[in-house]
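Chemist: Residue numbers (our numbering): 1270 to 1556.
Even for Gly, the Cβ is constructed at its ideal location relative to N, Cα and C.
The structure presented is a predicted model; accordingly, all values stated were derived computationally and were not measured.
I have a structure I would like to understand better, so I am pasting it below and will then ask my questions one at a time.
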Ligand SMILES: Nc1ncnc2c1ncn2[C@@H]1O[C@H](COP(=O)(O)OP(=O)(O)OP(=O)(O)O)[C@@H](O)[C@H]1O
Ligand SMILES: [Mg+2]
C-alpha cells in the first residue's frame, strides 16, 4: 500500500519563479485498486505521480510504501522504480532501440537481469500488450503504428514486472479504436494480474466506466475522492474546476429536472439507456 502524507512540491524553489505544484496532498492507495487521477491541465497530476516512484522528491511531506518512508536513509530507490512502473505521457517518444524486443528488454536488463531472463520477461510483456511474435519483436519501433508504439512502450514498463502501474494520459492522441484497445489492456492487467493501476486523465468520460475510484486534483490539492458515482454527483462543482462530468450525467439530470424518473447516477450510456427506457411506460415491459 502507498500512503501519501501532506505532500508539497514547489518548482524553482527559492527563485522568483516558484510554482507550487502540490499543496498538501494526503491519500492512501491500497493494493489492487484501479484509480483515475483527474485534473485539468496544470493541476499537478504529472508532478504527483512522479513522486510515487521516486523520480521527484517532495519539498515537504512523506510517502510510505508498505509502511516505510521512501525518503528514509538507504531506501532502495531502484527497487521502488521496479515496483512502481510509470508510463509517461507520449511514452513512444522514448523508444530508441533498433528492435522492439531490445527496447522492451532495456528495463529488465537495467535491473541487472541476464540477457536470457530479460528476453523472457520482454516476450511475456509483448504478449500481454498484443505485440507478440517475430514480426513485432524484430521490427524497428519506428515502423509500428501510433497505437502499437504506445503498446510497445507500455510493454517496456510491464517487463519490469511492477506491482503498481501508473499511466500518464495513456490515450492522448489515439483514435477511438486505439483508445479502447489501450483502456481494455489496462483493465485486463488490473483484473487478471491484480495490479494496482493509477490512470491519469483529464477526461471523466474516458475513465468513468473503467475505474473504481476517482481522485480529482485541482491546484495541487485533492478536491474529490470517491467512486465515479459519488464524484459525478458534484458535476456542477467539477464544471467550476474546468472539468466536465460524462455527457450522460448531464442528460440524466436534465431528464430528471423535466419530470422523468430516471437514475441520475447512471454513468455509462448503457445504464442511461436502460434507465430511460424503464421510465417510459410503453417500453417498461421490454426492458
Ligand atoms: N519544470 C517546471 N518548472 C516550473 N513549473 C513547472 C514545471 N513543470 C510543471 N510546472 C508547473 O507545475 C504545475 C503542475 O504541473 P503538472 O505538469 O504536474 O500538471 P498536469 O496536471 O500534469 O498538467 P497536464 O494535464 O497539462 O499534463 C503547473 O502549474 C505547471 O506550470
Ligand atoms: Mg501532465
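1) May I ask you to check if the CB of residue 1326 is nearer than 7 Å to at least one heavy atom of ligand 1?
2) Counting along the chain, where does the beta strand (DSSP E) carrying residue 1351 start and finish?
3) Any heavy atom of ligand 1 closer than 7 Å to the beta-carbon of residue 1425?
4) What is the rounded straight-line gap between the Cα of residue 1456 and the Cα of residue 1479?
5) Spatial neighbours of residue 1476 within its chain, please: C-beta separation below 8 Å, excluding the five flanking residues on both sides.
6) Thinking C-alpha only, which one of 1502, 1433 and 1399 is nearest residue 1348?
7) For residue 1436, which residues from the same chain have a beta carbon less than 7 Å from its beta carbon, with the 5 sequence-adjacent residues on both sides left out?
8) Do residue 1536 and residue 1501 have their beta-carbon atoms positioned less than 8 Å apart in this structure?
9) When burial is assigned at 16 or more other CB atoms within 10 Å of the CB, is residue 1403 buried or exposed?
10) Assuming residue 1424 contacts residue 1386 under a Cβ cut-off of 8 Å, what Cβ separation, rounded to an integer in Å, is found between them?
11) What residues in its chain sit with their C-beta under 7 Å from that of residue 1438, if we drop five residues either side in the sequence?
12) Could you check how far apart the C-beta atoms of residue 1422 and residue 1361 are, in whole angstroms? I think they sit under 8 Å.
13) Just the C-alpha distance for residue 1354 and residue 1277, rounded to the nearest angstrom, thanks.
14) Please indicate yes or no: does the CB of residue 1432 lie closer than 7 Å to some heavy atom of ligand 2?
15) Would residue 1294 and residue 1489 qualify as a contact pair, given that the criterion is a beta-carbon distance under 8 Å?
16) Would you tell me roughly how many angstroms separate the C-alpha atoms of residue 1507 and residue 1516, rounded to the nearest one?
17) Which one or two residues does DSSP pair with residue 1490 in a beta bridge?
18) Quick check: does the Cβ of residue 1475 come within less than 7 Å of any heavy atom belonging to ligand 2?
19) What number of angstroms, rounded off, separates the C-alpha of residue 1510 from the C-alpha of residue 1447?
20) So what's residue 1470 in DSSP terms, helix, strand or just coil?
Modeler: Reading off the structure:
1) Here the question's residue 1326 lines up with position 57 in the chain shown. Checking every heavy atom of ligand 1 against the Cβ of residue 1326, none is found closer than 7 Å.
2) Within the chain shown, the letter at position 82 stands for residue 1351. Not the beta strand (DSSP E): residue 1351 falls in the alpha helix (DSSP H), residues 1346 to 1352.
3) Here residue 1425 corresponds to residue number 156 of the chain shown, with the count starting at 1. False, no ligand heavy atom lies under 7 Å from that Cβ.
4) Along the chain shown, one-based indexing puts residue 1456 at 187. Along the chain shown, one-based indexing puts residue 1479 at 210. Answer to the nearest angstrom: the Cα atoms are 7 Å apart.
5) Locating residue 1476 in the chain shown gives position 207, counting from the first residue. Excluding positions up to five away in sequence, the list reads 1305, 1307, 1468, 1470, 1483 and 1497.
6) Taking the chain shown and counting its residues from 1, one reaches residue 1348 at position 79. If we check each option's Cα against that of residue 1348, 1433 comes out closest.
7) Taking the first residue of the chain shown as position 1, residue 1436 is located at position 167. Here the set comprises 1356, 1455, 1468 and 1469.
8) Residue numbering aside, residue 1501 sits at position 232 when the chain shown is read from its first letter. Residue numbering aside, residue 1536 sits at position 267 when the chain shown is read from its first letter. Cβ distance < 8 Å, so residue 1501 and residue 1536 count as in contact.
9) The residue labelled residue 1403 in the question sits at position 134 within the chain shown. With fewer than 16 other Cβ atoms within 10 Å, it is exposed.
10) Taking the chain shown and counting its residues from 1, the one referred to as residue 1424 is at position 155. Taking the chain shown and counting its residues from 1, the one referred to as residue 1386 is at position 117. At roughly 16 Å, the Cβ-Cβ gap does not stay under 8 Å, so residue 1424 and residue 1386 are not in contact.
11) Numbered from its first residue, the chain shown carries residue 1438 at position 169. Excluding residues within five positions, the ones whose Cβ falls inside 7 Å are 1358, 1469 and 1470.
12) If you number the chain shown from 1, residue 1422 lands on position 153. If you number the chain shown from 1, residue 1361 lands on position 92. With a Cβ gap of about 5 Å, residue 1422 and residue 1361 count as contacting.
13) The residue labelled residue 1354 in the question sits at position 85 within the chain shown. The residue labelled residue 1277 in the question sits at position 8 within the chain shown. One C-alpha to the other measures close to 22 Å.
14) The count along the chain shown starts at 1 and reaches residue 1432 at position 163. No; taking the cut-off as 7 Å, the Cβ of residue 1432 has no heavy atom of ligand 2 nearer than that.
15) Your numbering for residue 1294 matches position 25 in the chain shown. Your numbering for residue 1489 matches position 220 in the chain shown. Cβ atoms of residue 1294 and residue 1489: closer than 8 Å.
16) Counting from one through the chain shown, the residue named residue 1507 turns up at place 238. Counting from one through the chain shown, the residue named residue 1516 turns up at place 247. Those two C-alpha atoms are separated by around 13 Å.
17) Stepping through the chain shown from its first residue, residue 1490 is reached at position 221. Paired residue(s): 1487.
18) Start at 1 with the first residue of the chain shown, and residue 1475 comes out as number 206. Checking every heavy atom of ligand 2 against the Cβ of residue 1475, none is found closer than 7 Å.
19) Here residue 1510 refers to the residue found at position 241 when the chain shown is read from its first residue. Here residue 1447 refers to the residue found at position 178 when the chain shown is read from its first residue. Taking the straight line from one Cα to the other gives about 28 Å.
20) As a first step, residue 1470 is located in the chain shown; it is residue number 201 there, counting from the start. Note: residue 1470 maps to strand in three-state DSSP.
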